[in-house]
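Structure record follows, encoded as structure tokens.
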Amino acid sequence: MAEVTLVEAITLALARAMDEDPNVVVLGEDVGVNGGVFRATAGLQQRFGADRVIDTPLAELLISGLCVGMATQGLKPVGEIQFMGFMYPCIDQLVNHASRIRTRTQGRLSCPMVLRTPYGAGIRAPEHHSESTEAMLAHIPGLRVVTPSSPERAYGLLLGAIRDPDPVVFLEPTRIYRAAKGNVEDDGEALPLDVAFILREGRDVTLISWGAMVKETSAAAEELALEGIDVEVIDLATLKPYDEDAVLSSVAKTGRCVIVHEAARTGGFGAEIAALIAERGLLSLLAPVVRVTGYDTIVPLPRLEQEYMPSVGRIVAAARNACQSG
Amino acid sequence: MAEVTLVEAITLALARAMDEDPNVVVLGEDVGVNGGVFRATAGLQQRFGADRVIDTPLAELLISGLCVGMATQGLKPVGEIQFMGFMYPCIDQLVNHASRIRTRTQGRLSCPMVLRTPYGAGIRAPEHHSESTEAMLAHIPGLRVVTPSSPERAYGLLLGAIRDPDPVVFLEPTRIYRAAKGNVEDDGEALPLDVAFILREGRDVTLISWGAMVKETSAAAEELALEGIDVEVIDLATLKPYDEDAVLSSVAKTGRCVIVHEAARTGGFGAEIAALIAERGLLSLLAPVVRVTGYDTIVPLPRLEQEYMPSVGRIVAAARNACQSG
Amino acid sequence: MTEQSATADQELPVIARFEVRRRSYLAPDGKVLRQLPAFAADANVLRSLYRGMVLTRTFDLKAVSLQRTGRLGTYAVSLGQEAVSVGVASAMREEDVIVPSYRDNGALLWRGMKMEEILLFWGGDERGNRSSGPAHDLPYCIPVGSQAPHAAGVAYAFFLRKQPRVAVCLFGDGATSKGDVWEAMNFAGVWKLPVIFVANNNQWAISVPLKLQTASETLAQKAIAAGFVGEQVDGNDVIAVHAAMADAIADARAGKGPRLIEALTYRLSDHTTADDAGRYRPAEEVQARWKEEPIARLRSYLVSQKVWGKSDEEELVADCQQRVEAAVERYLAVGPRAPETMFDYLYAELPRVYASQREELKRNRHGRSDG
Amino acid sequence: MTEQSATADQELPVIARFEVRRRSYLAPDGKVLRQLPAFAADANVLRSLYRGMVLTRTFDLKAVSLQRTGRLGTYAVSLGQEAVSVGVASAMREEDVIVPSYRDNGALLWRGMKMEEILLFWGGDERGNRSSGPAHDLPYCIPVGSQAPHAAGVAYAFFLRKQPRVAVCLFGDGATSKGDVWEAMNFAGVWKLPVIFVANNNQWAISVPLKLQTASETLAQKAIAAGFVGEQVDGNDVIAVHAAMADAIADARAGKGPRLIEALTYRLSDHTTADDAGRYRPAEEVQARWKEEPIARLRSYLVSQKVWGKSDEEELVADCQQRVEAAVERYLAVGPRAPETMFDYLYAELPRVYASQREELKRNRHGRSDG
Ligand SMILES: Cc1ncc(C[n+]2csc(CCOP(=O)(O)OP(=O)(O)O)c2C)c(N)n1
Ligand SMILES: Cc1ncc(C[n+]2csc(CCOP(=O)(O)OP(=O)(O)O)c2C)c(N)n1
Ligand SMILES: [Mg+2]
Ligand SMILES: [Mg+2]
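Listed below in structure tokens is the structure:
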């Protein structure tokens, strides 16, 4: 039991998975000798060899397509896309192949692959390094989309994703790669996919978030507590398929819901959650559902990045409002 | 004033645009001599030459990337992607370039391009020919996503899209390419983008749809009328940016809303509309918002295609329910 | 600053040279052009290749007529390209993996996929892809070129496991314009993977002729960019296709790396049953190409060698007809699928949240209010 | 069936031959290897190329120190590759269009982009890309290789309008693995477009060495796959780069179609300020490469020709220092942007629905409750 950062927890899970299953291979740009631009694969090539920790040519479509081909033959490829902004060339392979091979062959072949990528803004990086377009992926039937918000969940969910028999896109919150620390037991215990984590129980209002924004969302809960507002905080963790029951039962209890994500508002995944509530949780609603999100514009370069991101202040204000109305 | 099909209206608009502006070029696979696999560009190459109606190599990423480059130099490229299922390789160019060039250069360069593609199921075609993933595109800031539901709107909206100074993805409902007929005045009059069309006014319930599903939605309205239910039918037409006011004012009037789209339910664009209502129309709601959509699975091959698509029956039932509850 | 003419280039030292070779044994009339490969001495081998091509054509033409009469969906026939399908598949071993496009019917038949399964798939039913062929083979791929990275991934699995197996990827001339194919070939070159890329150059991509597809004189030379050998073969000479594939596969199996085989042939049919080539292609061009088609060519040779005769031909034709008809009957007899089965292979186990959608389909099964 | 050995190939007739040539004029020590191109007779031309390279390096190194002291974001220096940037840009005309990657600082400086503008962009402010360079030039492109199709599109616009203009696209060795580059080159070949593709082969893609990037002996030969000429130049010899580009651009302008120029050089620095090359690259390798770097090389030649001396050098260094410092001051003096401006260039006109979001940003401008 050691205190590790979120990115170190990723490395632990990868090493554990490669150690327990010879079919697991890691591939991507700079994942080998360099150990990944964020060090997520540090030491893996030295330990498992250049054939299982593959430095690929610079081609994201290739990385995802290789994963599909490998997976059909029983390997369990874990591809790394250096930043989510460079993942778009993989969408064709994800939509047209990875998510469908099982259906297309009616179970004859399957696609047990994981595609990892750091995502989200807040690290003062150049253009395209701050993407958070998880909603595009969470719309794809046959896929799983998972994102951790702590070292513990990073370790357990990544193990779960690698062991899962179907394709998983694993989104790693860049902003808290090192900022988030926690005690991780490297015991090979996976966490379940498809279920949300209730990080804090409360009666007055439900705050739903995932990935790096769980940090601001939890901070907002603390601040609201001081005002005597009892907040329930849900980390959705798996966006596709997501835990509808957790959302509905929490809102049934609180009657108020604030959804927080850093992606652009329109068509973001927060819309799906709000829609679910409008369809099946309406009668328990005491106040309008609120989305606190990134703005509907291009994520600005570092100088304005902070203004773009949902702040603790915006979340607190939204929750406070929700609690006043109704 | 002649009666034409929806695809013929597209051809009329393309010819008109090319005729009035020498900067307009059409490019894509088989758009030239063959006039497009759906005949949407029939006769254009004979009339405007092989340099302005370009048969490209088989490469969708290329088609979208060429459009971006051409557009930065003042051409107004209209690219055709043969089916939406082959548009995924264009997403990188749409997200990382087309939608951002104006922002990236702070107005020095712009990207007046249109990317057309037939979309939707129901034509008994092979796999990948029935995609309806408009929600992925409607999440992209800086982009416009437009889809017509009649020959008149196809003509007017496509002209509007081509004249628009920013990038537009123009989704053409394959299923009604020939089924939809209407009288189109080839007068060069564009229809406004960003605004919804109220196809039918009503007091009891709002039905919102776009593209081919407007057909079933309107048929449902007829059926409901017979039962004395007074339906308002909205064709959203532009999904990004969409006409929030039209949605909210209609729901403020009816208090009931059914959203219909053929795309998979989870994370479909219907979620965004339901979310808007849950946020800003909640108090006027008399019944839960309902989404009548395709199922959260891979669009099946033709044998089960019809079962996958929202039917008039499902829409009617949903609307009837909405009117009974509350 | 001054701009000079490019002729300067000619004075520069050459640092790398490349060449592309072409393989063909039989002339269109079946005459022998050069010493045949060893396997061709065995008449049984040649007869089996011939039977494979005839069965493919018989099946293809039947499929088209089924489509014309509304009993099949859009179908891509391989008319005139049977030597590619059969020459390629016949050079593979059962444990190898084929990564086909949508037009490789003959290859999948040779691999053991049943005719009724092929019909079922193109008839709009995923169950066809369960396939009686090798369970590890990949299914038909429709997004052009997108299967190439899969082939590289499959080959990587063989490389990693040190298995003497080869992946064979088929695609068309149009597909060579796609980045997918390029990225896959480049990777295969770096790792010397056991994968053979086969470019079925039928000279058309729907209505787009080769010269609008690429400026390269051959498709084979595209391998130079990936650092391995490309070879052009006469795609209407099944002996050449089989020989080229046998060589390439043997080398790949021996760890000598990938190869690109350009099989130069011609699409004698419309692109698919949904296409009308008359709109963009002169009938004369097609007529002329019929003289080169692969089946008559091999037959002429077999006959000239006295290893094939009128009775053999009649028997074969009758046999193919009968087998195809029987398969069609089995295809038409396949029962409908329950709507809710569209969820059955979405995931290994259907996530709880989608159970209700599956249930809804089950309920609606017989009573969709709009019929 | 039997599998034969690949040696059979050697008996097959050759149907196509290709070669790649290499251009270089100056040895690392500045000695002349072969007859120099005409323009090199003009000392003013060579001195201006020299000044361009020195200014680029002075600027790059200053940018790194700004980043190290927290006054600039991640920055990609072109240390050791100045001859590529300057040799390429100097062969272009104002009306031509450059389509750069993120590392072509020297080229953009030559094109007229101001140093403070470059710093502003890498300092995290889009306003830097307004650029004082030609308004039609494309901005820095960060997604590797994705700019190549843009260059083809730009060139197509010139072709369609019959303008004697050329698009010049720069990218790295890693980018040649991307399908984007491949698809763009293939299209340019088909239409004989006026576009020059420049592969800046600095032999590393972050930590990935060339041999893991591709198996092709040269990058120049990749043009063979697209049906046009590829040439390798010594990318540390600015005379060679300029000459090769001048020839290629002249041909393209004359309608003779595209060319691929591989400029073989070496990345003497870390990949970017965010990288530590020490993790994957031996210091000795880098040390050895310093002997080949382009600035000392040209200086040696100029000195040997007596057209450059100690005082010239001192003046130049002082001048560059002074210009860079002045630019840095202007950069640091640039005021902040109002948050709501993040909406100002999203569309030509901001759609009504987003007005409220812009307003919200304006309201929060000074009072974000969490500071
Ligand atoms: C990525 C993609 N784009 C477009 C299509 C539509 N389409 C189907 S086949 C075809 C032409 C393919 O030509 P080629 O690669 O030469 O193969 P052939 O059909 O001639 O065997 C096109 C454009 C597709 N299936 N996939
Ligand atoms: C599509 C894409 N993938 C990954 C990255 C991250 N990245 C930035 S530069 C780089 C290496 C590029 O190498 P090369 O093309 O040789 O250019 P160089 O940096 O050496 O000039 C990578 C992987 C990116 N910017 N774009
Ligand atoms: Mg073809
Ligand atoms: Mg490089």
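Quick mapping for you: the protein sequence lines, in order, are chains A, B, C and D. Position 147 of the first sequence, counted from 1, bears residue number 147 in this note's numbering, the numbering being contiguous throughout. Position 101 of the second sequence, counted from 1, bears residue number 101 in this note's numbering, the numbering being contiguous throughout. Position 72 of the third sequence, counted from 1, bears residue number 72 in this note's numbering, the numbering being contiguous throughout. Position 307 of the fourth sequence, counted from 1, bears residue number 307 in this note's numbering, the numbering being contiguous throughout. Cβ atoms here follow ideal geometry from the backbone N, Cα and C, with glycine treated the same way.
Item                                                                                                                                                                                 : Value
Any heavy atom of ligand 1 closer than 7 angstroms to the CB of residue 82(B)?                                                                                                       : yes
Which runs of the beta strand (DSSP E) spanning at least 3 residues fall entirely within the segment 253 to 297 of chain C, listed in chain order?                                   : 259 to 264
Where does residue 222(D) land, buried or exposed, given buried means 16+ other C-beta within 10 angstroms?                                                                          : buried
When every heavy atom of ligand 6 is checked, does at least one fall within less than 7 angstroms of the C-beta of residue 236(D)?                                                   : This structure lacks ligand 6; its bound ligands are ligand 1, ligand 2, ligand 3 and ligand 4.
Does any residue of chain C have a CB that is nearer than 8 angstroms to the CB of residue 130(D)?                                                                                   : no
Taking 7 angstroms as the line, does the beta carbon of residue 281(C) fall inside it for any heavy atom of ligand 3?                                                                : no
Taking the beta carbon of residue 311(B) as the centre, do at least 16 other beta carbons fall within 10 Å, making it buried, or is it exposed?                                      : buried
List the residues of chain B whose Cβ lies closer than 8 angstroms to the Cβ of residue 237(D), in chain order.                                                                      : Residues of chain B passing the Cβ test: none, with the nearest at roughly 30 angstroms.
Under 8 angstroms between the Cβ atoms of residue 90(A) and residue 64(A)?                                                                                                           : yes
Which residues in chain A have a C-beta closer than 9 angstroms to the C-beta of residue 175(D)? List them in chain order.                                                           : 58
CB residue 166(C) to CB residue 138(C), shorter than 8 angstroms?                                                                                                                    : no
Should residue 348(C) be flagged as near chain A, meaning a C-beta pair shorter than 8 angstroms?                                                                                    : yes
Terminal residues of the continuous alpha helix (DSSP H) containing residue 339(D)?                                                                                                  : Element bounds for residue 339(D): n/a, residue is neither H nor E.
What does residue 353(D) pair with, by DSSP beta-bridge criteria?                                                                                                                    : Paired residue(s): none; residue 353(D) is not in a bridge.
Under 9 angstroms, CB to CB, which of the residues in the segment 125 to 148 of chain A have a partner in chain D?                                                                   : 125, 126, 127, 128, 129
Leaving out five residues before and five after residue 95(D) in sequence, what residues of the same chain have Cβ atoms less than 6 angstroms from its Cβ?                          : 165
Kindly indicate if chain C contains any beta-carbon less than 8 angstroms away from that of residue 118(B).                                                                          : no
What are the residues in the segment 66 to 92 of chain B lying within 8 angstroms of chain C by C-beta distance?                                                                     : 85, 86, 89
Near ligand 4, which residues have their beta-carbon less than 7 angstroms from any of its heavy atoms, given in chain order?                                                        : 172(D), 173(D), 174(D), 200(D), 201(D), 202(D), 203(D), 204(D), 205(D), 267(D)
Identify each residue in the segment 163 to 196 of chain D for which the Cβ-Cβ distance to at least one residue of chain B is less than 7 angstroms, and report them in chain order. : 179, 180, 183, 184, 186, 187, 190
Using a Cβ cut-off of 9 angstroms, which residues of the segment 188 to 207 of chain A contact any Cβ in chain B, in chain order?                                                    : none
Quick one: does the C-beta of residue 144(D) sit closer than 7 angstroms to a heavy atom of ligand 2?                                                                                : yes
Under the criterion of a Cβ to heavy atom distance below 7 angstroms, does residue 244(A) qualify as lining ligand 2?                                                                : no
Check this for me: beta carbons of residue 50(D) and residue 272(D), under 8 angstroms apart or not?                                                                                 : no
For a contact meaning CB atoms closer than 7 angstroms, what does residue 186(B) contact in chain C?                                                                                 : Result: empty, since nearest Cβ-Cβ is about 24 angstroms, beyond 7 angstroms.
I need the boundaries of the alpha helix (DSSP H) containing residue 85(D), first residue and last residue.                                                                          : 82 to 89
Please say whether residue 190(C) and residue 176(D) have beta carbons closer to each other than 8 angstroms?                                                                        : no
Cβ-heavy atom distance between residue 103(D) and ligand 2 below 7 angstroms?                                                                                                        : yes
Quick check on residue 177(A) - is its C-beta less than 8 angstroms from some C-beta in chain D?                                                                                     : no
8 angstroms is my cut-off, CB to CB: does residue 267(D) come that close to chain B?                                                                                                 : no
For chain A, is any of its Cβ atoms less than 8 angstroms away from the one on residue 143(C)?                                                                                       : yes
Can you tell me which of the three DSSP states residue 49(A) falls into?                                                                                                             : coil
Is the separation between the beta-carbon of residue 146(D) and that of residue 96(B) shorter than 8 angstroms?                                                                      : yes
Using a Cβ-Cβ cut-off of 8 angstroms (strictly less than) and excluding sequence neighbours within five positions of residue 45(D), which residues of its own chain qualify?         : 39
In angstroms with no decimal places, state the Cα-to-Cα distance between residue 32(D) and residue 240(D).                                                                           : 11 angstroms
Would you call the segment 19 to 35 of chain A and the segment 50 to 67 of chain A touching, i.e. three or more CB-CB distances under 8 angstroms?                                   : yes
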